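As C-alpha cells, the structure follows; a few thoughts come after it.
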Amino acid sequence: AQTVTQSQPEMSVQEAETVTLSCTYDTSENNYYLFWYKQPPSRQMILVIRQEAYKQQNATENRFSVNFQKAAKSFSLKISDSQLGDTAMYFCAFEDYKLSFGAGTTVTVRA
Amino acid sequence: EAGVAQSPRYKIIEKRQSVAFWCNPISGHATLYWYQQILGQGPKLLIQFQNNGVVDDSQLPKDRFSAERLKGVDSTLKIQPAKLEDSAVYLCASSLRGSTDTQYFGPGTRLTVL
Chain A
42 AQTVTQSQPE MSVQEAETVT LSCTYDTSEN NYYLFWYKQP PSRQMILVIR
92 QEAYKQQNAT ENRFSVNFQK AAKSFSLKIS DSQLGDTAMY FCAFEDYKLS
142 FGAGTTVTVR A
Chain B
119 EAGVAQSPRY KIIEKRQSVA FWCNPISGHA TLYWYQQILG QGPKLLIQFQ
169 NNGVVDDSQL PKDRFSAERL KGVDSTLKIQ PAKLEDSAVY LCASSLRGST
219 DTQYFGPGTR LTVL
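Chains A and B, in that order, give the protein sequences. Each number in the numbering used here corresponds to the 1-based position in the first sequence with 41 added. Each number in the numbering used here corresponds to the 1-based position in the second sequence with 118 added.
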C-alpha cells in the first residue's frame with residue numbers, strides 16, 4: 042500500500058514571505074502522479090499543483106512550486122510571497138491507481 | 119462551468135439511524151469518487167465509479183455503507199445503520215476520465231452521529 046507522510050502538522054508564515062511544506066511517499070511503482078491540494082476553512086478542496094513522476098522538471102503554478110526528488114521519494118511545496126488567502130490545510134497526495142492523501146499541514150499566513 | 123454539487127451540507131443523526139448523501143459531478147466527467155475525511159486527517163477513498171461501474175470499493179465498509187451511481191451521472195452514498203465513528207465530512211469528487219486526471223471536489227457533507 043502506498044503511504045504519504047507530511048511531517049509538519051502546522052506551519053506559520055508572515056505575509057509576503059516563503060514557506061516550504063514537506064512530503065514523502067513510499068511506493069514501488071515507477072509511474073505515478075503527485076499532487077498538492079489546498080483545503081481552505083470553507084472545506085472545498087482545490088488542486089494547487091500536479092507533477093508527473095516521469096517528468097524531471099519541477100512543476101510551477103504562479104507562486105507555488107515543487108521540489109520533486111524521485112530517488113528520495115520527496116515532494117515538497119514552496120509557497121512564495123505568501124498571501125492571507127493562502128491560509129488553509131494543504132494535503133500532499135500520491136496517485137497510481139487511486140489517490141492517497143497525507144494527513145495534511147495547516148498553514149497560517151500572518152498579516 | 120458548474121462544479122461538483124453535494125447535498126445536504128450538514129446532517130446530524132443519532133446512532134443506528136440511516137442517512138443518505140447525494141452528489142452531482144461536473145458534466146461529462148466519467149469518474150466519480152466518494153471520500154471520508156475524519157477531523158484532522160486526510161481524505162480516505164471509499165468508492166470509485168467509472169461511468170456507472172465500480173472501479174474500487176476496497177475501503178468501503180460494506181456491512182453498513184452502500185453507494186450507487188445512477189445512469190453514470192448522479193451518485194448517492196448511504197449509511198445504515200450509522201455508528202459514532204462515522205462522524206466525518208463526506209467528500210464527492212469527479213474527474214474527466216480516470217484517476218490520473220485532476221479530481222474536482224465538492225463542498226462536502228458534514229455528518230455528526232450522536
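Ideal placement from N, C-alpha and C gives every residue a C-beta, glycine not left out. These numbers were taken from a predicted model, which means no experiment stands behind them.
Residue i at chain A interface by Cβ criterion, 7 Å
i	result
serine 217(B)	yes
aspartate 204(B)	no
proline 225(B)	yes
threonine 220(B)	yes
Residue nearest to residue i in terms of C-alpha spacing, selected from the options
i	options	result
cysteine 133(A)	Asp122(A), Phe109(A) and Arg104(A)	Phe109(A)
glycine 190(B)	Phe223(B), Val137(B) and Gly171(B)	Gly171(B)
aspartate 181(B)	Asp192(B), Gly158(B), Ser136(B) and Val173(B)	Ser136(B)
glycine 146(B)	Ile156(B), Tyr128(B), Gln168(B) and Gly160(B)	Gln168(B)
threonine 218(B)	Phe135(A), Phe142(A), Gly143(A) and Ala144(A)	Phe135(A)
cysteine 210(B)	Pro199(B), Val231(B) and Arg187(B)	Arg187(B)
leucine 157(B)	Phe223(B), Ser205(B), Gly226(B) and Leu214(B)	Ser205(B)
glycine 121(B)	Gln177(B), Arg134(B), Pro225(B) and Asp175(B)	Pro225(B)
serine 193(B)	Gly216(B), Lys201(B) and Tyr208(B)	Tyr208(B)
tyrosine 74(A)	Val148(A), Leu140(A) and Arg151(A)	Leu140(A)
glutamine 98(A)	Met86(A), Lys111(A) and Asp137(A)	Lys111(A)
glycine 143(A)	Thr61(A), Phe76(A), Thr59(A) and Ser53(A)	Phe76(A)
phenylalanine 116(A)	Gln124(A), Tyr131(A) and Met86(A)	Tyr131(A)
asparagine 103(A)	Arg151(A), Leu118(A) and Ala94(A)	Leu118(A)
Below-7 Å beta-carbon distance, residue i vs any chain B residue
i	result
leucine 125(A)	no
tyrosine 74(A)	yes
Cβ-based burial, residue i [other Cβ within 10 Å; buried from 16]
i	result
threonine 146(A)	buried
glutamine 149(B)	Before going on, a small fix: residue 149(B) reads as threonine here, not glutamine. Buried: at least 16 other Cβ atoms inside 10 Å.
threonine 46(A)	exposed
tyrosine 222(B)	buried
alanine 57(A)	exposed
threonine 227(B)	buried
isoleucine 197(B)	buried
aspartate 67(A)	exposed
proline 82(A)	exposed
Contact with chain C by residue i, beta-carbon distance below 7 Å
i	result
glutamine 198(B)	The structure shown contains no chain C; its protein chains are A and B.
Cβ-heavy atom distance, residue i to the ligand PLP, below 6 Å
i	result
alanine 100(A)	Inclusion of the ligand PLP in the displayed structure is not the case, the ligand content being empty and no account of it being possible.
Item to check | Segments assigned beta strand (DSSP E), at least 3 residues, entirely inside the stretch 173 to 208 of chain B | outcome: 183 to 187 and 193 to 197
Next on the checklist: Please identify, using Cβ separations under 9 Å, the residues of the stretch 131 to 151 of chain A that lie next to chain B, in order along the chain.
Outcome noted: Cβ contacts with chain B come from Phe132, Cys133, Ala134, Glu136, Asp137, Tyr138, Lys139, Leu140, Ser141, Phe142, Gly143, Ala144 and Gly145.
Checklist entry - At a Cβ cut of 7 Å, what residues of the stretch 159 to 189 of chain B count as close to chain A, listed as they run along the chain? => result Gln159, Gly160, Pro161, Leu163, Gln166 and Asp174
Checklist entry - At a Cβ cut of 8 Å, what residues of the stretch 79 to 107 of chain A count as close to chain B, listed as they run along the chain? => result Ser83, Arg84, Gln85, Met86, Ile87, Leu88 and Arg91
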